[in-house]
Each structure stands twice: as structure tokens, then as C-alpha cells.
Amino acid sequence: MGAIEIELTVNGDAVRADVEPQELLLDFLRERLGLTAAKRSCDVQVCGTCTVLIDGAPVSACNHLAFEASGHEVLTVEGFAQTAEFAEFESAFIRHAALQCGYCTPGLLLTLKSLRDNGELSSEEDIRHGLDGNVCRCTGYRSILEAARELAGLQS
Amino acid sequence: MTVQERAALAEIGVSRPRKDAHEKLSGQAQYVGDMEVAGMLHGKVLRSPFAHAAIRSIDISAAVAMEGVAAVLTASDLDDIEPYYGHAIKDRPIIAIDRVRFAGEPIAAVAAVSEAAAEAAVRAIAVEYDELPVLGTLEQALAADAPKLHDRVPKVGLFHGLGDLGEQEGNVCYRYALRSGDVEAARERAAITVEGSYTFPAVYQYAMETHATIAHYHGDGVTLWANCQHPFLVQAEIADLFGLPIGSVRIIVGYLGGGFGSKSYTKLEPLTVALARKAGRPVRIVNRVEESMVTSRRHGMRCFMRTTAAADGTLLTREARFEMDTGAYADNGPRVTATAGDAAPGPYRFEAVEVDASCVYCNTAPSGSYRAFGATHLQWIGESQIEEVARRAGLDPVELRRRSLVLPGEPVRPDGSGKPLDADLVGDIERASGAVGWDEPKPPWVGRGVSVGLLAAGAHPVSRASVRLTSDGTADVYVGTTELGQGARTVMSQIAAEELGLSSDLVRVHGADTRFTPYDRSTGASRSTTVAGLAVKRAAENVAARLRETAGELWDVEPAVIELAHGRAAFAGEDVSFPDLIAKRFGFRGGEIIEGGEVRPEGGDTGSYAEGPHFWEVCVAGAEVEVDPDTGVITVLRTATVADVGRAINPQLVERQDEGATLQGIGNALFEELIFEDGVVMNDNLLEYRVPRVGDMPRRMRTIIVENADGPGPYGAKGCGEGALAAVPAAIVCALADAGVAMNELPLTPERVWRRIHEQDPPAGAEPNEERPT
């Protein structure tokens, strides 16, 4: 099988590369581009720690082929952290100590951003439903819910 | 700022933001799998598909010839060293030698230019096995005719710490016993006898970051980047294995993506070092989750327990006999078994106690530490029997505990040895029960329970730390504690800042690098704040003493009258900044003050397990559950955990620890279980091994912080963060019994609960929603 040439935008930068057909987006980001914020854990699209946004929608980069991202805009936390919007997420997470080991944190931030951008972060039910695909083994979720409520503009 | 104003603590008891928050939120925090070193190769491991087999042959010729492959390691590469390790018992070869004892055991390892090339080469290795009978269960391993899994004469490991190894009979690798009083005589006076057999599942810690190591073996020794909880113990074991001086083994530890015990002691490091030694280049191995699942897990266990009491509920005897499945190698099994044995009587005043525990080799993946080990295994069993004694004696379960719990200052161990109780358990349990609505009316199929236990904590109390005040008035803390999410760096910065009279914003805390960081025994057993934190406090006190000396010389007064606050030294209305003070000390805009602090066994505490523990970690929780009798599904309505921490350095982080442990406890109680078939894990993925998600949170979850300043740590602190994991499953089991469903097997799956409810012969007197005696 030959390599496939792809063109995409990653964190606002145009990227052109040759990828193997079976190359995962997660490996492409981590190994080729050195963007290691998206993490590998479960490998089966359960834990959400590899979550990145493609055209604003969350995907599990561990189950997404790199060539499928061709022609699209990919956002990782490295890119998100450069935006003005990030400060609000950061302060909510810090205020509620909504992180511990930090391994699931990039995936959570991007999931929450996507939910909010798409108007899916406006109620307690929304938050719980929207975060069901992000496992956090450290926090017991309460602090994450508190941060999410703040970002949703709900009373904590 | 005067001495009087300074008397209030500025940093202690304040919920400072996490030091690592920005790095972690912005994606800059580096974990081992994110790191690359120059010339690095990628390692992959060939693991045995069989749980027990003799290796007839390994053919690596095709793999070696493949493009991009730098080295293929097998046992034959280790002829020049004694390749067995294990901190408790040296029973584990770095890589299988002639025989495999668990499915997943490394047979060979490949280093190649990419992970894909290494993976392809692993697939090209041909192994011929002769399958052997699999001892996949405790019953099989303990059968009279079971083959012995280990033929070598056991050698004690570097950190056994549990006295004589004793003789190993059959597949029992360690025994622990507790005896006090005359059980048979006391039992004769019993009016109430509660007894039963119980099983506890093997579970997986699931730190989201898998085990990962980079090793670089070079002319001067070996350098490792490893996600290990105990870098100094790993350093000693690697040095011992490869015949190197300890000082030439350098271990660098960054952030860990969770540990929970899964990364305690030595794991992937020896294999990575061996592969790097053969390849002659740095090698990185990053486990996939199914590999980490067979690297460490919690012991499965079976237990018989009997509790007797007089008719009025006065406790008489407790007997426990249990066996723990430690898997193919001992790992931390002996200490887990001993800690479980300590937890078996519970913190109660029994007349007589008899505990016999065995740690048993099986052809299953090795078991090690998992948060609150031992206590989690036994507390739910002991507490469910206390619950039943109360019911039969017609006593409120809280009242029975109020009458029977050990009081502060009384011995905890039934034989009177070791640390006396350093906590107010009666107060703790009253708080927990109150927080789950103990006296409120109960709808049908709703139950409430409390549980109380103690966890031998602190491990060996040996830690050193150093604090450096730089010429710009900021400080660095060097301490071996691993930041695995618990917030250690934040807490250490607050402790140092408090003593220096500096804002914690100006204090940096670094990860361990064994070349520069002072020795710390380990990050586990809830010891970091208590033991390592005290070393940091002493180091900072020593820096503060130098500052006072210099200021005293400046103003010609006794150092003791100098006040340090807000980064300045002050006396009688005059003050000087730390940078100016350092400049005065050295006569130059430079220099620094560095001091160390030390904690070692002292005051009659030899630090041995028998003399210890350093402190007792409190495991107290309350729970309210609802069970659906038609489906067996349990809903956790309320939990309350008591963080009896002596002194909360950072209250928000204490709460966050308990919340995390609560959810792990819910997982362990309700659904987590590694399922083995013929020794092979059947559910080695996160689709089939379910961990708690956001929807599994209790409707109401509360942490109650209790501060009685009764700990041996800084400001009266003692460790936290583990107790809730032992206490929550026990409280859930007691609450379920209160709802009418007494269970003797975890996890409490809907099927098991449904079957229990619909059995022909329900547990005597366990009618749903029985009135609680008043």
C-alpha cells in the first residue's frame, strides 16, 4: 500500500504530509507533529483522552485514520490554549481543582468546548450526557461537573 | 508585620490552586510516552498467550533480519547477570526463562526504529510451547496435588520489610497471622454468631496512563525516564539486577498519569533496561492498556469470617481465614496480605482474635498494590458482620460501634503491638451517619449503612528533602515525592512557603531525579504529606534559621526574634527583603541558601512493620442506596466520607482525593472485576472492563474533613486519599443489607443482587425496610 498525501489544518496551521493508509490520527499528531496533548489510553473509543476536534466536532483520534482528516480543520489543546476562550476554561478548571493527574484533561477540555460551541451545554442533563464519553479515574467527576456548570453559566 | 500577626498560618489550611494546573490544562505537561531522547528506539514485547507453559524453543532469526530492527532480547541475553527481581521476594525473571507462569508474561522484546517496525518483528518471532496444567484459581493452586509454580529457593528482596521470609509450602508465598486471647473459650459465651464465606474480585487500577519507560544504558551506567511511584526503590533494584553502583542508576520522574499503586515498586523498568543494554541505544516501551492490565492489579481473595457477640451485642471474637491470589509472582502480595490481616479484626475491642492469611501463587497476572489495599479487601466483610450483630442484638449499628470501637490512645492491634489509635473514630462515624440521613424515614428498598476501618499507613518513615532559596527570593523544593495527581507539589510548596514566610506562588517543586533529589522511600501508603512533607518542613525551617541568623547579625539581635513573612525579615519596625538579606550574607548579588531536612524512625518508632504503622489512616464512610428488586440494580443515593486528616494543608485537595476514591470504591463495589478463564484475562479492554463514568456518581457525595491535629506529620497532619476506597464499598454493602439484601460477593452486579433477592430462602430476618431499632 502506498502512502497517501493529505492536506489539513492543525491548530490553524496548514499541514501537508504523506501518511500510511492505516496511520491513526492520534499517532500522526503525536509522533509526526509532536502534538502530545492528545493521549492514548483505552484504544477503543471509550475513555475520551485522545479527543480532538475536527471541524469543531469531537472525535477519538485513536479510532480515526489520519487520511480521513484531510481537508479538515483539526484542533488540539495546544491550539486551543492559544485562544482567548481558553482562559475561561482554565480558570474554571483551576477554581474547582477539576484536574489531578491531568491525563484526561485535554480531552475533557475539548469535549466541553465542542459542547458549548454547539449549544449542548445548557443544562445539568446536557453536561452529564455530554461528558459520558470522557473517563476520569482521579477526580470522581464532581469537580469536573462544577467547572462544566460554571462554563455553562449554570449555578453551581 | 509583627510576630503576633504572623502567628496565624498564611499557607496552611488554604486551598491554593494546583501548581501543575497550567501545564496540564494547556497540554504542555509531559508524561513518559510524550518524551523522546536522541537516538531513541521503540520497544515492543512478545507476551505469552498461555498462562502456564514450558518454552521449548524461540526462533528470533526472522525478526532480527527485518528492516529497522536493532535488537531482539530473549532470556539468553541475560546469562551474565542474576536476572531475578522482586522487592519482597526475588522470584521474577526479567523475561521468561524456560517457562511462563502467566498469560502476558514477556517472552521476548524487540527494539526498532518505529513502533510499527517493532510490532511487525514481534509477530515474526516463533515460539514453541508445551502447555502445562494451569493453576488459574486459588482452589487449583492450593490443591494437594498442585504442581509448585516456583522451584527456586526463594531469596528475600531488597524491601521485604516483613521479617523472616519463612518456608514456602506448595504455592503459598507468604503467611500472616494475628493471635490474641482465647478464641474458643470466649466463643463459648456467645449468644450471637455471624459467619460466612466471601469472595472479593481481582480489579484493575486503571491509571489512564499505562506503564512506560525510556532506558538509556551507557558507559557510565543507566538513565531511565520512568513513570514509577517509588524512584529510589526502583533505582536500588535496577542497580542490584545489573550489577551497577546505585549512584550510576539515574531515574527521572515527570508527571504520572495516575498511579493508585499500579506504578509502585519495579514494573516495566528491568525489561526496558535489558533491551536498551542489548540495543546499545535508548529504548522507549509504552504499554498498551491490555499489557498494563497484566502488569499490576488488585488481588482477588476468598475469605471465611466469624464474629461472635454476647446477647447485648458486646463483641467477643473475630476469626478470619483468607487467601489472596497474588498471581505468578509475589510483587507486593506479602505486604498486601499483612495489611489485610491487620484490617481483619477492624478497630474493635474483641476479647479474642484469630487471623490466618495466605498469599498464594497462581497462573494469573501478578497482583500488587492498589489504593487502600488490604483494608478494601477486608472492611466490607468485617463491617457486614458488625451490621448483622447489631441487627440481632437489637442495636442501632452506630450505637453498637459507639460501644465497641477502640478509643484514641488504645492499642489497635489486638496483641497490643504497634501504634495506638491516633483518631477519634466514634466522632468520625457519627459524622458519616448523620451526613447520609441516618434518622430520616426510609422508603421501601432504601438502606443506609456506615463503615469504619483503619489502614496501616506511612510505610517506612524515611524521607529527605532540600529547600533552596535563590538570590531573587524565590525557592525550590527538591523532594522525591511523585506527582501522580494527588497534588503533592502544591502541598509541598505550601509547607515550604509557610516556614519561609513566602507566598507559595514563589515556590517551585520539582519532580524526582535521583541524581539530584534527596532520598524518599516511596509515594504510597498515604505518606507524602505526612512523611515527605515533614522533611520539607524541616528543610524549610533550616533555611529560615539561616535567614534569621543573617538578619540577627544585621540588626545585632537574637535570631529568634526575627520574623519572616511576605518574603521579608522583620524586627522592631525594620525589615529587609530576602534578596537583600542573601546579598548581605554573601556581600554580593548572588549566592543562595540550601538546607536539608530529614525524617527517620525516631522516638521508639523503629519504622519496621511490626513496630509501625507510622499512623493509622481512617477509613470511614456512610452510604444510602436504593435497590430495584425487579432488576437488582443498585443506585447510590448518598455517600459521605470522613477525611480524618489531622490537619488539612489544602482542604480543596483533600476533598478532591476523597471524591476520587469514592468513585473508585463504587466501581470496586458495584461492577469492576477482571474475569479470568484458565488464567487468561477475558475482559482486558475498557469496553468489557467498565470503570465509573460521570453517571455513576452518587446523587449526593460529601467529604467531611476532620482536623484534630493528631497526626505525626507537619502541623499535625496525617495522610488521606486511600481510606475512602476501603470505606465506601463497605458502607454500600452495609446499606444494602439494611435494605434487606445481605451479600457475600463483590462486585454487586444486578444479576447477583437479583438472585439474592429472589432466592427461595432469603437471609434470616432481612426483610426489606425493616424498622431500625431505636
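Here the protein sequences come in this chain order: A and B. In the numbering used here, each number is its position in the first sequence, counted from 1, plus 1075. In the numbering used here, each number is its position in the second sequence, counted from 1, plus 2. Just so you know, even glycine gets a beta-carbon here, dropped at the ideal spot from N, CA and C. These numbers were taken from a predicted model, which means no experiment stands behind them.
Contact with chain A by residue i, beta-carbon distance below 7 Å
i	result
Ala123 (chain B)	no
Gly106 (chain B)	no
Glu780 (chain B)	The structure shown has nothing for residue 780 (chain B), since chain B only spans 3 to 776.
Arg491 (chain B)	no
Gly667 (chain B)	no
Gln654 (chain B)	yes
Leu270 (chain B)	no
Within-7 Å CB hit, residue i to chain B
i	result
Gly1123 (chain A)	no
Phe1103 (chain A)	no
Ser1218 (chain A)	yes
Pro1181 (chain A)	yes
Asp1088 (chain A)	no
Leu1185 (chain A)	no
Phe1168 (chain A)	yes
Ser1116 (chain A)	yes
Glu1153 (chain A)	yes
Thr1084 (chain A)	no
Which residues DSSP lists as bridging residue i, in chain order
i	result
Thr643 (chain B)	B:Ala623 and B:Thr705
Pro1042 (chain A)	Past the edges of chain A, shown from 1076 to 1231, lies residue 1042 (chain A), and the structure says nothing about it.
Ala459 (chain B)	B:Phe617
Ala114 (chain B)	B:His44 and B:Val71
Leu566 (chain B)	B:Ala571
Phe202 (chain B)	B:Met303
Asp132 (chain B)	B:Ala56
Glu1098 (chain A)	Bridge partners of Glu1098 (chain A): none, in fact.
Gly451 (chain B)	B:Ala625
CA-to-CA distance, residue j to residue i, given in whole angstroms
i	j	result
Gly575 (chain B)	Glu565 (chain B)	11 Å
Ser386 (chain B)	Ile194 (chain B)	14 Å
Ala1089 (chain A)	Leu1100 (chain A)	16 Å
Arg299 (chain B)	Ala367 (chain B)	8 Å
Val112 (chain B)	Asp582 (chain B)	57 Å
Tyr363 (chain B)	Val136 (chain B)	12 Å
Ala332 (chain B)	Gln659 (chain B)	29 Å
Ser1116 (chain A)	Gly29 (chain B)	16 Å
Leu778 (chain B)	Pro700 (chain B)	Shown here, chain B extends from 3 to 776; a query on residue 778 (chain B) therefore has no answer.
His1204 (chain A)	Asn1193 (chain A)	14 Å
Asp712 (chain B)	Ala241 (chain B)	39 Å
His54 (chain B)	Lys150 (chain B)	12 Å
Leu270 (chain B)	Val296 (chain B)	11 Å
Gly411 (chain B)	Cys1137 (chain A)	54 Å
Per-residue contacts from residue i into chain A (C-beta, under 7 Å)
i	result
Gly662 (chain B)	Gln1175, Cys1213, Thr1214 and Gly1215
Tyr208 (chain B)	Arg1212
Arg695 (chain B)	Asp1207 and Val1210
Val291 (chain B)	Ser1116, Cys1117 and Asp1118
Beta-carbon neighbours of residue i, restricted to chain B and to distances below 7 Å
i	result
Ala1162 (chain A)	Residues of chain B passing the Cβ test: none, with the nearest at roughly 10 Å.
Ala1156 (chain A)	Ser28 and Gly29
Ala1172 (chain A)	Arg20, Gln654, Leu655 and Arg658
Where residue i meets chain B, residues with beta-carbon distance less than 9 Å
i	result
Ile1129 (chain A)	Within 9 Å Cβ-Cβ: nothing; Ile1129 (chain A) doesn't reach chain B, min ~17 Å.
Glu1165 (chain A)	Ala23, His24, Leu27 and Ser28
Chain-ordered neighbours of residue i on chain A, where CB pairs are closer than 9 Å
i	result
Met699 (chain B)	Arg1203, Gly1215, Tyr1216, Arg1217 and Leu1220
Contact set between residue i and chain A, taken where Cβ atoms lie within less than 8 Å
i	result
Met42 (chain B)	Those do not exist, as Met42 (chain B) stays about 12 Å from chain A at its closest Cβ, beyond 8 Å.
Met703 (chain B)	Gly1215 and Arg1217
Asp507 (chain B)	Within 8 Å Cβ-Cβ: nothing; Asp507 (chain B) doesn't reach chain A, min ~13 Å.
Tyr350 (chain B)	Simply none; closest approach about 29 Å.
Glu412 (chain B)	None at all; the shortest Cβ gap to chain A is about 33 Å.
Glu211 (chain B)	Lys1114, Ser1116, Cys1176 and Tyr1178
The ligand ATP heavy atom lying under 6 Å from the CB of residue i
i	result
Val47 (chain B)	In the structure on display, the ligand ATP does not appear, and there are no ligands present to speak of.
Chain B contact residues for residue i, given Cβ-Cβ distances below 8 Å
i	result
Ser1126 (chain A)	It is Thr, not Ser, that sits at residue 1126 (chain A) in the sequence shown. Result: empty, since nearest Cβ-Cβ is about 12 Å, beyond 8 Å.
Selection of the region 671-688 of chain B by Cβ proximity to chain A, strictly under 9 Å: Along the region 671-688 of chain B, going in chain order, the ones with a CB nearer than 9 Å to a CB of chain A are Asn687 and Leu688.
Residues of the region 17-29 of chain B with a CB closer than 8 Å to any CB of chain A: list them in chain order, please. Listed in sequence order: Ser17, Pro19, Arg20, Asp22, Ala23, His24, Glu25, Lys26, Leu27, Ser28 and Gly29.
Which residues, in order along the region 293-310 of chain B, keep a beta-carbon less than 9 Å from a beta-carbon of chain A? Listed by position along the chain: nothing, the set is empty.
By the 9 Å beta-carbon criterion, what residues does the region 32-57 of chain B contribute toward chain A? Residues of the region 32-57 of chain B with a C-beta less than 9 Å from any C-beta of chain A: Gln32, Tyr33, Gly35, Asp36, Met37 and Glu38, listed in chain order.
Can you give me, in chain order, the residues of the region 464-494 of chain B that have a beta carbon less than 8 Å from any beta carbon in chain A? Result list: Leu486, Gly487, Gln488 and Gly489.
Contacting positions in the region 238-261 of chain B - beta carbon closer than 9 Å to chain A: Cβ proximity to chain A below 9 Å picks out Tyr257, Leu258, Gly259, Gly260 and Gly261 from the region 238-261 of chain B.
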